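Protein chains in written order, with the numbering used here: chain B, 86 to 872; chain E, 3 to 249.
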Amino acid sequence: MRALDRKLLRDLWYLRGQALAIALVIGAGLAAVLMSISTLDSLQTTRAIYYRDYGFAHIFASLKRAPESLGERIAALPGVDRVATRVWAPVTIEIAGFTDPVSGLLVSAPRAGRADLNRLYLRAGRLLDPNRSDEVIIGDAFAEAHAFKPGDRLGVIVNGKRKQLNIVGIALSPEFIYQISPHAIFPDFARFGVLWMAHDALATAFDMDGAFNNVTLTLARGAREADVIERLDAVLERYGGLGAYGREDQLSHRFLSQEFTQLEQMGRTFSVIFLGVAVFLLNMVVTRLVSTQREEIATLKAFGYSNASIGLHYAKLVVAIVLLGIVAGVAAGIWLGQGLSHTYMEYYRFPYLHFQLRPSIVLGATLTTAVAALIGTVFAVRRAVRLPPAQAMRPEPPPLYRATLMERLGLQRWLSQPSRMILRHIERRPVKSALSVLGIGLAGGIVISGTFMTDAVDFMVEAEFRMAQREDIAVSFTEPTSYRALHELAALPGVTRVEPVRAVPVRLRHGQHIYRTAIQGLAPDADLHRTLDTHLQPVSFPPDGIVLTDYLGTRLDLKPGDLLTVEVLDGSQPVREVPVVGFVQQYIGTGGYMDLAALNRLLREDRAITGAFLAVDAHQRENVYARLKKMPRVAGVQVHENAIRNYYASIGDLLLTFMTFIAGLAGAITFGVVYNSARITLSERSRELASLRVLGFTRGEIAYILLGELALLTLAAIPLGFMVGRALSAHFIATIHQELFRVPLVLNPDTYALSAGIVLASAIISGLIVRRRLDRLDLIAVLKTKE
Amino acid sequence: MNPPDPTAAQADDPNVVFHVHGVTKVYPMGEVEVQALRGVDMDLYSGELVVLLGPSGSGKSTLLNILGGLDTPTAGHVLYRGRDLTRASERELTDYRRYHVGFVFQFYNLIPSLTARENVAVVTEIARQPMRPEEALELVGLGNRLDHFPAQLSGGEQQRVAIARAIAKNPEVLLCDEPTGALDSATGIVVLEAIERVNRELGTATAVITHNASIAQMADRVIYMGDGLITHVDTNATRKAPRELSW
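Following this line, the structure appears as structure tokens:
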């Protein structure tokens, strides 16, 4: 081995502390990138394979009732590949020992010998015996929420009749990856369940013998979805078709897609931020590291080493350090990516996981890192070799110090000599000081961008569930009902207030923009369930016209005064034009709002409601549940506190899991940066400080000079980190503006405190390590050598 | 542009290693300019041992650094074997240092992470016809300290490693900047013996900088410097062996 390479190895060993810290920064940056991208790729691949393997349909439609023979006509439509007709029925579920209202969807299982779309993946137990009418398979999420296992029993109320069913299996379905009640925004696994029953048994129980009320189909190769939907709607029209829709409007797929999009945007944004910050810090650290080698570089030059070979030597040193980071980063990225993917796999209840890490991503991220490091090296080496060796080996001319601003202001009386040294040193090298502050600030900023989401989520809950929706219970009826139902509800003991609501599924159309959602008609004096404007003040609806959530306004390209086409997907399916009168601020969900009377006028229906919001005396809550369960018209009951819990459990968990990983990596980067700043400052100044020790300064005094500077820079960096964090968070929000919810830029003091805390803790730990090294400064060596 | 050198003909003399004419050097030092050399003329001949003597700040080190291609003059010419170093490119200066010059610095400038043998090898690996590192270290009496790191060696031993490193490439000139400056006299003499032996046995033209007048007695010629100029030159009839010196 050449002597220079041997020097390289020993230098690496000598610099191991710093090398590890640099590797930590790179590793954490790379890991964040690879973790995000591999998780997303894995989830998308897994979903695609799951959909393919289990025959997830392309088009879905519900209808009132059609004879089985219609299935063949549908199959013959151009563009249709396979068709599965079935029966599904909303049910109320009774579970012993669980008082909350539970609703469910009973679906006829794929039949043998027919096109088997949306097949079940059996987790436990067995498939249904087609000849038994008392068997049921239940969804995995629902089973887990109630600890059901094959052999357990549950009661359902189908079509007003109570039926006792035996659970024979627990399954997953590509159609119900998310099991969301049609009346809720977020999944609630304990209070909504999907159940599968043998087709004939369910048809009999639901009065659907020889008929179906739901159809799913797959598209033939090359068929256009919109064309097939149109043809299907035409066929189903006389059978009470409720509007066919594709995957993008299928509840589970839509929810999942929105979450994936969100994950993708988060992943992409964080990849850019993390890699950008890591690369900047790496460049800075490498530049300073090489600068400290000025003398050795001059010596090598004096022996006749060319600039190129010296550059190569340092490039090797940097590459070795970077390589360490890259190996660690790739390993950690894969490990974290697998961990996160598995967390999500369990969360989404995929039957399996196809972990994906594209080599091109690894290569791209690795090259970016390596190139950034090498650019830093080249610049630093070029600066080091620019000086003639004689000059580089000589002690640098005494740097030009000036009286600092503070002294010009005459404040030096209050500053000790060491304090003046600190200030002068910072002021003399403003660029280096500024870069240190910037580096630490960036690190502090990414901590904020990785943790602010908790604040935003809390704020959204506060605004949506405490200020806008203040009901205790939301009741939905099986079908539009007269106002009389309100009196029944109001008469329940414990109910203190009742407000009506009319919800209508619609397709909104403006120009070429189409959006499937619901319009809610609310009472003009609504106090429990309100909508808020951008200043979080309640909005009152004008007697005519529609108010939309601000997101929908943008999505449909609407401004107040525009006419909006409303295609109702219910009842007689009228198509109407409604003027848009305004927009409301809403963080979660999308939709339209109208005055209840105006909505009924629009539908040409008389004072009909589809649900109600209740305020309930807390002591009577259980009692109210029990009474509601016995009311045949009540299809679903949403308990407000559960809605909040579900929100946290779905969106909250999704975001927060990701953010926890990100915040950990951000913390690692912060420590790496602060520690490196401290170590390099030490190596730049150890001679000067050792000389002061020789002159009689105590260890404490020289530590004060070095660590005081570090402390000042760190303190300056903290507010900068706040600003960087806010800017990164704003950028982050801008990139994930989304259908499911719009994240507000809300940063609580505790998030700032966490960022400051991580920076300070890193600084203190680094300071202690540096302090230990200061205590062991070799004074004799300083006396013997120059400077 | 420097005026043409009227004495350039001397540079063609095969015995002249260095021909220096009208060299000046000005350093910017912070806000002041330091005039380190004010017009130096001198020659260095093959095989001779020259001592440059003068107080601190007299310009000795600056002159030596310019001779070694470590620094460039502000004005004037330095001819090495007829080639003008002041007009050499960066690449040519690198080659010049690599193949022709050996340096010994006052503060050794050893690479702390390499052993004695490796410190010499750093140079021999890039030279044309070097001796083996062991051989060079043997020559300075360190054959038994090959695998010691600089921190495990005394000051005199470190300086002898530096000398071994300087001569291992078989340079034509050996330039020593205060080689004993950081050493006690007994150790200094051992170091000077090593230099003298290299000069005598290998015939390497050697220039030694010192502000210690006693050392001048081991030289063929003594060049006195003061305030950036050569004040006068003495020629010793006989060279004293280093062990006869004392200070």
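Ideal Cβ placement from N, Cα and C applies to all residues, glycine included. These numbers come from a predicted model, not from an experiment.
So is the beta-carbon of residue 234/B under 8 Å away from any non-hydrogen atom of the ligand GDP?
-> For the structure depicted, the ligand GDP is absent and the ligand set is empty, with no information on it obtainable.
Determine whether the Cβ of residue 400/B lies closer than 9 Å to any Cβ atom of chain E.
-> Numbered from 1 along the first sequence, position 315 holds the residue referred to as residue 400/B. Cβ-Cβ to chain E under 9 Å: no for residue 400/B.
Using a Cβ-Cβ cut-off of less than 7 Å, give me the residues of the region 67-87 of chain E that come near chain B, in sequence order.
-> 67, 72, 73 and 74
Kindly list, in the order they appear in chain B, the residues whose Cβ is closer than 7 Å to that of residue 115/E.
-> In the second sequence, the residue the question calls residue 115/E occupies position 113. The contacting residues are 92, 95, 96 and 99.
Applying a beta-carbon distance threshold of less than 7 Å, which residues of chain B neighbour residue 120/E?
-> Along the second sequence, read from residue 1 onward, the residue named residue 120/E stands at position 118. Here the neighbours are 88 and 91.
Residue-chain proximity (residue 127/E, chain B), Cβ-Cβ < 9 Å | For the purposes of this step, residue 127/E is taken as the residue at position 125 of the second sequence. Yes, contact with chain B.
Unbroken stretches of the alpha helix (DSSP H), 4 residues or longer, contained in the region 148-182 of chain E = 157-169
Interface positions of the region 772-800 of chain B facing chain E (Cβ-Cβ less than 9 Å), listed along the chain = none
For residue 22/E and residue 8/E, the rounded distance between their alpha carbons | Position 6 of the second sequence, counted from the start, is the residue given in the question as residue 8/E. Position 20 of the second sequence, counted from the start, is the residue given in the question as residue 22/E. The predicted position of residue 8/E is uncertain, since its pLDDT is 48 and thus under 50; a value taken from the coordinates is nonetheless stated next. Their backbone Cα atoms lie some 12 Å apart in a straight line.
Could you tell me if residue 554/B is buried or exposed, where buried requires 16 or more neighbouring beta carbons within 10 angstroms of its beta carbon?
-> Here residue 554/B corresponds to residue number 469 of the first sequence, with the count starting at 1. By the 10 Å Cβ count, residue 554/B comes out buried.
Any chance the region 562-580 of chain B sits against the region 295-302 of chain B, with 3 or more Cβ pairs inside 8 Å?
-> no
Residue 272/B - DSSP class collapsed to helix/strand/coil = Reading the first sequence from its first residue, position 187 is the one you call residue 272/B. Coil.
Identify whether residue 284/B lies in helix, strand or coil by the three-state DSSP scheme.
-> The residue you call residue 284/B lines up with position 199 of the first sequence. Residue state, collapsed to three classes: helix.
Using CA coordinates, which residue listed in 283/B, 534/B and 850/B is at the minimum distance from residue 749/B?
-> Counting from one through the first sequence, the residue named residue 749/B turns up at place 664. Here the closest residue by C-alpha is 534/B.
Residue 124/E CB to nearest chain B CB: under 9 Å?
-> Sequence index remark: in the second sequence, residue 124/E carries index 122 (1-based). Yes - at least one Cβ of chain B is within 9 Å of the one on residue 124/E.
Could you tell me whether any Cβ in chain B is nearer than 9 Å to the Cβ of residue 189/E?
-> Within the second sequence, the letter at position 187 stands for residue 189/E. No, residue 189/E lies away from the interface with chain B (no Cβ there is under 9 Å from its Cβ).
Applying the criterion that 16 or more other CB atoms from any shown protein chain within 10 Å of the CB defines a buried residue, is residue 575/B buried or exposed?
-> Against the first sequence, residue 575/B aligns to sequence position 490. Per the 10 Å Cβ criterion, exposed.
For residue 564/B, three-class secondary structure by DSSP = Within the first sequence, numbered from 1, the residue matching residue 564/B stands at position 479. Residue 564/B: strand per DSSP, three-state reduction.
Taking the alpha carbon of residue 696/B as the point to measure from, which residue in 704/B, 710/B, 685/B and 719/B has its own alpha carbon closest?
-> Here residue 696/B is taken as the residue at index 611 of the first sequence, counted from 1. If we check each option's Cα against that of residue 696/B, 719/B comes out closest.
For residue 381/B, return the contacting residues in chain E, with the cut-off set at a CB-CB distance below 8 Å.
-> Translated into positions along the first sequence, residue 381/B becomes position 296. The contacting residues are 113.
Minimum C-alpha distance to residue 711/B - residue among 180/B, 653/B and 407/B | For this step, residue 711/B is matched to residue 626 along the first sequence. That would be 180/B, whose Cα lies nearest to the Cα of residue 711/B.
Are residue 740/B and residue 426/B closer than 9 Å when you measure CB to CB?
-> Locating residue 740/B in the first sequence gives position 655, where the first residue counts as 1. Locating residue 426/B in the first sequence gives position 341, where the first residue counts as 1. Contact flag unset, no.
Can you tell me where the beta strand (DSSP E) with residue 143/B in it begins and where it stops?
-> Numbered from its first residue, the first sequence carries residue 143/B at position 58. Residue 143/B -> no beta strand (DSSP E), and no H or E assigned at all.
Confirm, please, whether the CB-CB distance from residue 331/B to residue 145/B is below 9 Å.
-> The residue you call residue 145/B lines up with position 60 of the first sequence. The residue you call residue 331/B lines up with position 246 of the first sequence. Contact flag set, yes.
Roughly how many whole angstroms lie between the Cα atoms of residue 620/B and residue 701/B?
-> As a first step, residue 620/B is located in the first sequence; it is residue number 535 there, counting from the start. As a first step, residue 701/B is located in the first sequence; it is residue number 616 there, counting from the start. Answer to the nearest angstrom: the Cα atoms are 28 Å apart.
Pair every Cβ in the region 361-372 of chain B with every Cβ in the region 448-460 of chain B, then say whether three or more of these pairs are closer than 8 Å.
-> yes
Start and end of the alpha helix (DSSP H) containing residue 447/B?
-> Taking the first sequence and counting its residues from 1, one reaches residue 447/B at position 362. Its alpha helix (DSSP H) spans residues 444-471.
Buried or exposed (CB count within 10 angstroms, at least 16 for buried), residue 205/E = Indexing the second sequence from 1 puts residue 205/E at position 203. Burial call: exposed.
List the endpoints of the continuous alpha helix (DSSP H) containing residue 616/B.
-> What you label residue 616/B is simply residue 531 of the first sequence in a count that begins at 1. Residue 616/B -> no alpha helix (DSSP H), and no H or E assigned at all.
Through-space distance from residue 859/B to residue 789/B, alpha-carbon basis | In the first sequence, residue 789/B corresponds to position 704, counting from 1. In the first sequence, residue 859/B corresponds to position 774, counting from 1. Going by C-alpha positions, residue 789/B is about 11 Å away from residue 859/B.
Short Cβ contact (9 Å threshold) for residue 662/B with residue 651/B | As a working note, residue 662/B is residue 577 in the first sequence. As a working note, residue 651/B is residue 566 in the first sequence. Yes.
Contiguous beta strand (DSSP E) assignments of at least 3 residues, all confined to the region 150-200 of chain B | Listed in chain order, they are 165-171, 173-179 and 187-193.
Nearest-angstrom Cα distance between residue 384/B and residue 111/E?
-> One-based indexing of the first sequence puts residue 384/B at position 299. One-based indexing of the second sequence puts residue 111/E at position 109. Distance between the alpha carbons of residue 384/B and residue 111/E is about 7 Å.
Where residue 102/E sits in the DSSP three-state scheme = Residue 102/E sits at position 100 when you count from the first residue of the second sequence. Coil.
Under 8 Å by Cβ, that's how I've got residue 263/B and residue 336/B pegged, so tell me the actual separation to the nearest angstrom.
-> In the first sequence, residue 263/B corresponds to position 178, counting from 1. In the first sequence, residue 336/B corresponds to position 251, counting from 1. Correct: roughly 7 Å between the Cβ atoms.
Is the beta carbon of residue 255/B sitting closer than 9 Å to the one on residue 239/B?
-> Taking the first sequence and counting its residues from 1, the one referred to as residue 255/B is at position 170. Taking the first sequence and counting its residues from 1, the one referred to as residue 239/B is at position 154. No; because the gap between Cβ atoms is not below 9 Å, this pair is not in contact.
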